[in-house]
Amino acid sequence: MISNKYLAFSTESERKRIFNNLEQIEEWLYEDGAHESVDVYTEKLDYLTKLFDPIENRYKEVEARAHASKGLLDCIRHYLMVVGSLPAGERDMVVEECNKAEQWLQEKTGQQISLPKNVDPTLWSIEIKRKTEALDMYGPDATKLHLRNIGRDKYYVYCSWTCKHKMRSNASPPSPMDADDSDPRDKPDCISMEVD
Numbered sequence: 001m002i003s004n005k006y007l008a009f010s011t012e013s014e015r016k017r018i019f020n021n022l023e024q025i026e027e028w029l030y031e032d033g034a035h036e037s038v039d040v041y042t043e044k045l046d047y048l049t050k051l052f053d054p055i056e057n058r059y060k061e062v063e064a065r066a067h068a069s070k071g072l073l074d075c076i077r078h079y080l081m082v083v084g085s086l087p088a089g090e091r092d093m094v095v096e097e098c099n100k101a102e103q104w105l106q107e108k109t110g111q112q113i114s115l116p117k118n119v120d121p122t123l124w125s126i127e128i129k130r131k132t133e134a135l136d137m138y139g140p141d142a143t144k145l146h147l148r149n150i151g152r153d154k155y156y157v158y159c160s161w162t163c164k165h166k167m168r169s170n171a172s173p174p175s176p177m178d179a180d181d182s183d184p185r186d187k188p189d190c191i192s193m194e195v196d
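The sequence shown lines up with residues 1 to 196 when you count with UniProt numbering.
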């Protein structure tokens, strides 16, 4: 009735309800169901799907939550890695936000771990993704790697990598050590601003 991989994510009452509905639909199929319209079939299938959705969502959330958590931690590590190039006020703000995000994840993860698998999560992957995106409000300034001299001109180089970009593409964050001697004005993934 329910695949073994889903058993731990379902309660006995959920399994019983699904089983009872399957029995009823099976009886209906051999009686009145043979003469019903496609719309009626679709309606009953949708109903069964809704019964199973909470179980499948819990199952999928295990992997999705782990992936989102890694994304947030990668984001935090990246910003803390490059924050040293910022003025003290900006640096302190970025560090504070990173620490708050990491503490939030630790607390929420601890609460989630204490729950059995067959109840709805208290921490959903979408919440972690939103927290990661929120860091981009503070983080992009931290990717200002350093002041470069290009001939007689000076440029601040801003790499376009952000936490949101990483979640979409799994791209690796840039490192301040990755700087080369090429003109950043020729790079499509950077924004250069001339300064005096």
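Glycine included, each C-beta is placed from N, C-alpha and C at the ideal position.
If I'm right that residue i touches residue j with Cβ under 8 angstroms, what's the distance once you round it to whole angstroms?
i, j, result
"residue 61", "residue 124", "6 angstroms"
"residue 131", "residue 101", "6 angstroms"
"residue 197", "residue 138", "Shown here, the chain extends from 1 to 196; a query on residue 197 therefore has no answer."
"residue 128", "residue 72", "5 angstroms"
"residue 120", "residue 58", "7 angstroms"
"residue 25", "residue 44", "6 angstroms"
"residue 122", "residue 115", "7 angstroms"
Excluding sequence positions up to five away, which residues of its chain have a Cβ less than 7 angstroms from the Cβ of residue i?
i, result
"residue 10", "2, 55 and 118"
"residue 198", "Within the shown structure, residues of the chain are numbered from 1 to 196, placing residue 198 beyond reach of any answer."
Can you list, in chain order, the residues of its chain whose CB lies under 6 angstroms from that of residue i, leaving out five sequence neighbours each side?
i, result
"residue 91", "83"
"residue 80", "98"
"residue 151", "Here the model assigns residue 151 a pLDDT of 42, short of 50, so the residue's position is not dependable and the matter cannot be decided."
"residue 68", "125, 128 and 129"
"residue 14", "none"
"residue 89", "none"
Between which two residues does the alpha helix (DSSP H) holding residue i run?
i, result
"residue 48", "38–82"
"residue 92", "88–113"
"residue 2", "Premise fails: residue 2 is in no alpha helix (DSSP H) and is neither H nor E."
"residue 123", "Neither: residue 123 is in no alpha helix (DSSP H) and is coded neither H nor E."
"residue 19", "12–30"
With a CB to CB cut of under 8 angstroms and the five nearest residues on each side skipped, what residues in its chain are close to residue i?
i, result
"residue 8", "117 and 118"
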